[in-house]
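Residue numbers (mature numbering (1 follows the signal peptide of the UniProt record, and there is no 0)): -22 to -1, 1 to 707. Worksheet for the structure shown next.
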């Protein structure tokens, strides 16, 4: 029988081995995946420009490889440029308008010296166009310490112009450190097999779209993906579009992952995934969060790709180093930041519904919010908008005839307002998901549209009993003066009644914090007077972008609130998505005066961030938390901030440099200067007291026709009108 000490040592050894095994990478080598910057940081600067390559080293690490799409000039000079044609990606048309088609082989290296690079993707910053010259491959090699990845897209094209791409690449590989050479052409890779040292330079077969035909084999790339043993005869790895691994259906939802990575690893092939960019449309499953997408390829428990080809290399680099292999249940929170939901997790579900609150709580929100609206029968409930058109399918129902223009709320557009319907009528409506950036073609999870149900304030106040992780609730009260003066409804009294009732019914077992938020001083003063609420429970929201806060305004705010909500643009002002200065001093000024500072609204969609944050919502969060040191984030995607709080390398990376991108811009392409945001003055804060509600006769009981919303498709309505018309005739 083994002695206890031996048994103890065996158990310790087993534990260490198990831990090491469980934390090891599932790449072919067992090392972390590689990051390859396609054309440098091509998501920001023109592809293959010196600024794009230099930004990689600034934002990531020398370990990140630089990708060069190698092209040849007429006199055989190798250059880095993303396409065979120079039209898309440069200003060659203006330089030489005589060529019908403009290829690199049409120009000598000297002739190309006047050509400037331009952004080839129209949605990306164009202000950096016509600044950088085309680079020779030798110049790019000087910009990296880890070597190069050369991509040869069409060697046969150059053969037709009496240029040998093979000879050029062999010569380059002898003079420069080339880590990888990729090509979608099997004949080119076969010709290179005996010309490079496999221990120094790896040959990678690049797959194109599955239906495309590979010329040497006359087979589709999709069929070649099923014959990996053949691929192994001339390459040491494959580079595939990400859809080969995680297919996406026509509705933009993920399908089950394929076995490609596992099958390739069994054959001894490395697998690199391509087509990653923070500003590309991705599967709805990722909630517009690029880090979540990267993690699905490396941290899924089943496989890991060996590397990423990305236009935004900083995001996969941090996904690998900071967010992989993190147990969300056991990991400690590194960043101290309060997460407040915006209408629940309204990026994934219709706002202010039971499902939005459930998702927000499970995703790590500390405080759930309720934007209180009032029904016709004076019942307070949670809804993101005063106007039912913005949050429900009311326009599809028989209640659409209740549309009216309320000049005090929105003088430009008619709406169907919550106070026009009873609570029972409102509960028959279906909630709709908010699409803040639909003009940009970015729609939120359509499968969840019309899912869930709205909660009354009474139901909302009991959510802490259901979700024990919550620290508190935030109740937002707006339009109180209008409701009192024009509808005879006191939303303040309604909220206070529900708070009192909830406290009594819960027998004070729920000791969660209750915050009251409003853009109106008079509302917060009313809560302070009637419920004796202290400053820490009252939150003042500034509903405009501001550049400064007057000392007198701060003094006034401190008399009735302990926290303040300001916009992201008030901290980092930007116009045309470029930050104009590093940051304002508003947040530090407010904090130094004892106010907690919450900032809104944080979303994942790329068009909601300034370009200085590289279209990465996590980098934006990091700047506000570590640089500005705000107290809380108001977000419709709580999961993104919750994951950030538990990252493994908090504080290890330098802060994102803001306000400097504009210095690299072409002055001729900058938008005209605009007037700065206004300062918040004491006069903007001061308001007359909120009037008391006048007693009004009770609302008449709704008719049976009004009691229930009838969903009527427009086609059916039209048919009914026609039938009635013919009957009358």
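The C-beta atom is built at its ideal place from N, Cα and C for all residues, glycine as well.
Check, Outcome
"Where residue 646 falls, given that 16 or more other Cβ within 10 Å makes a residue buried", "exposed"
"Beta-carbon separation (whole angstroms), residue 179 vs residue 159, contact threshold 8 angstroms", "6 angstroms"
"Distance, residue 514 Cα to residue 358 Cα", "23 angstroms"
"Buried versus exposed, by CB contacts within 10 Å (16 or more), residue 36", "exposed"
"The stretch 324 to 333 touching the stretch 601 to 616, judged by at least three CB pairs closer than 8 angstroms", "yes"
"Coarse secondary structure for residue 102, derived from DSSP in three states", "coil"
"Through-space distance from residue 415 to residue 531, alpha-carbon basis", "33 angstroms"
"DSSP-derived helix/strand/coil call for residue 691", "Low local confidence applies: a pLDDT of 44 at residue 691 is under 50, so the model's placement there is unreliable, and no value is given."
"Cβ-Cβ distance between residue 709 and residue 295 below 9 angstroms", "Here the chain has residues from -22 to 707 only, and residue 709 is not among them."
"Buried or exposed (CB count within 10 angstroms, at least 16 for buried), residue 137", "exposed"
"Nearest to residue 649 (by Cα), restricted to the options 558, 602 and 490", "558"
"Between the CA atoms of residue 493 and residue 576 - distance to the nearest angstrom", "13 angstroms"
"Nearest-angstrom Cα separation, counted from residue 459 out to residue 252", "55 angstroms"
"Through-space distance from residue 582 to residue 463, alpha-carbon basis", "39 angstroms"
"The beta strand (DSSP E) enclosing residue 544, as first and last residue numbers", "541 to 545"
"Which of helix, strand or coil DSSP assigns to residue 409", "strand"
"Chain B contact for residue 296 (CB, 9 angstroms cutoff)", "This model lacks chain B altogether; it includes just one protein chain."
"Residue 530 in three-state terms, based on DSSP", "helix"
"Segments assigned alpha helix (DSSP H), at least 4 residues, entirely inside the stretch 67 to 150", "70 to 73, 115 to 119 and 133 to 137"
"Residue 129 vs residue 94 beta-carbon contact at 9 angstroms", "no"
"Run of the beta strand (DSSP E) containing residue 352, from where it starts to where it stops", "345 to 352"
"Endpoints, the alpha helix (DSSP H) within which residue 518 is located", "That residue, residue 518, is in no alpha helix (DSSP H); its beta strand (DSSP E) goes 516 to 519."
"Where residue 336 falls: helix, strand or coil (DSSP)", "helix"
"At least three beta-carbon pairs within less than 8 angstroms, the stretch 22 to 29 to the stretch 266 to 273", "no"
"Distance between residue 519 and residue 498 (C-alpha atoms, nearest Å)", "8 angstroms"
"Residue 529 to residue 651 span [Cα, whole Å]", "28 angstroms"
"Through-space distance from residue 101 to residue 227, alpha-carbon basis", "24 angstroms"
"Given residue 7 as reference, the closest of 480, 214 and 639 once Cα atoms are compared", "214"
"Sequence ranges, beta strand (DSSP E) only - wholly within the stretch 355 to 403, length at least 3", "358 to 360"
"Neighbourhood of residue 279 by C-beta, 7 angstroms cutoff - its chain only, sequence neighbours within 5 removed", "none"
"Beta-bridge partners of residue 453, as assigned by DSSP", "348 and 494"
"Any non-hydrogen atom of the ligand ATP within 8 angstroms of residue 121 CB", "Ligands displayed in this structure: none; no statement on the ligand ATP is therefore possible."
"Residue nearest to residue 470 in terms of C-alpha spacing, selected from 349, 573, 580 and 412", "349"
"According to DSSP, residues forming a beta bridge with residue 12", "285"
"Three-way DSSP call (helix, strand, coil) for residue 460 in this model", "helix"
"Cross-strand partners of residue 574 (DSSP beta bridge)", "541"
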